[in-house]
Every structure is written in C-alpha cells, then in structure tokens.
Amino acid sequence: MEIYSKIKQLVDQKQGCSISKLEKELGFGSGTIRKWQKQMPSIDKVYKVSQYFNVPIGTFVDEDEGDPSVLNSDIITYKFNERMASLDLNEQDRQYLLDEFISYIDFKAQFLENRQDDHKRKIKT
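Numbering of the sequence shown is given in the numbering used here, commencing with residue -1 and proceeding in unit increments.
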C-alpha cells in the first residue's frame, strides 16, 4: 500500500481530521500529501506525519518497498543534521559532537549485542 493510502487511513480514523487539515497543521503546502500518490515524499515530511499520528515511521513502508532500518537511518541523519544546523558551533566543536555521537551509538550497539549474546547463552543452558 502506498504512503498516501496509509496516511488517508490514519486521517479517516482520527475524528475531525482531513488531508487538507493535516497539511495545514504540519505547515505543508496545499495538495502536498495528495502529490504523494504519484511521487515519493521527503523523509522529513514523512517523519512529521508519523509524529503527528504518533506512529513509527516504518508504518509508511511496505515490506516489499524497502527496509525500515534504512528509513530509520535516514531519520537519524535528518534529525542529527537538523540539530547541528541549529547550533552555533565552530568546526572543531562540530567534529567533537559528531565523534561523541558516533562513540555513543557504538557503545549502545555493543551493549545490545552483549545483552543478546547473554540471552542466547541462557537459552542454551
């Protein structure tokens, strides 16, 4: 099912909501969401829709259309860039923040891998 159809379902389920109302509330131009019937929207717009309806962004991706983890990485990149653009930092501080972010992600990934390994060992015993 295409993105527009999924959004239309959510709109129909929310009382007093319409596509045009949604576009207004999210600051989109009139007809923006309807265009998504024929063209792919930008990730930032899909993210805003997912936040509005409080659903995971993966809701808008069919299994055969793509990997939701790729979409999630696009969102992370978008949010990181958006936040970095809002900061008044010199290049050295920007690089420091990027390095810290990467270190944090690596640390958390390692933590989750270790936890999964522990869980697998417990199951085997």
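Positions of the beta carbon are idealized from the N, C-alpha and C atoms, including for glycine.
For secondary structure counted as the alpha helix (DSSP H) over 4 or more consecutive residues, the region 28 to 93 holds these complete runs in sequence order: 30 to 33, 41 to 51 and 66 to 84. In this model, Ile121 and Ile103 are separated by some 27 Å (Cα to Cα). Classified as exposed, Phe109 has fewer than 16 neighbouring CB atoms from the shown chains inside 10 Å of its CB. Within the same chain, Cβ atoms closer than 8 Å to the Cβ of Leu87 are found at Leu95, the five residues on either side in sequence being excluded. In this structure Tyr50 is in contact with Glu23, their Cβ atoms being roughly 7 Å apart against a cut-off of 8 Å. Contact between Ser48 and Thr57 holds, with the beta-carbon distance rounding to 7 Å and staying under 8 Å. For Lys22, the enclosing alpha helix (DSSP H) has its first and last residue at Ile17 to Leu24. Between Val9 and Ser40, the alpha-carbon positions lie close to 19 Å from each other.
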